[in-house]
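Numbering (the working numbering), first residue to last: 2 to 142.
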């Protein structure tokens, strides 16, 4: 975690530290990028390498990435100290909606001729905008 000294210092490194310290959106996007890479990598491994059916591989990949994402967003992006139980419940409701969206969009876009990895990236971009708002105002408030 960043200290007050990191934020008060001057220079390029201090500017970056200040942005990371003060802006949950930046932290959310960094975690989102890591989650997207994890999600896409697991999808590729399960479907492209192992040969698992695309809908199931997509679902498993999203579940792995969401566990990673919840933990880091709770701790780092939003610094929430609220009881974790309610947050997990809300997060899971949002996750179920995301999982349905992911499976439907990735499968549907793939059926329309889009490569499944590109379809996954398009789906992640759409879901990310909605997720930030949901996390900020509902899950980690």
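Built from N, CA and C at the ideal position, the CB exists for glycine as well.
All values derive from a computational prediction rather than experimental measurement.
- In the structure shown, residue 113 adopts coil according to DSSP, grouped into three states.
- Between residue 47 and residue 62 a beta carbon distance of about 6 angstroms is seen, short of the 8 angstroms cut, so the two are scored as contacting.
- Here residue 54 carries a coil assignment [DSSP, helix/strand/coil].
- Sequence-distant Cβ neighbours of residue 56 in its own chain, meaning closer than 7 angstroms and more than five residues away, are 104, 108.
- In the structure shown, the three-state DSSP call for residue 141 is coil.
- The beta carbons of residue 65 and residue 39 sit about 7 angstroms from each other, so the pair counts as a contact at 8 angstroms.
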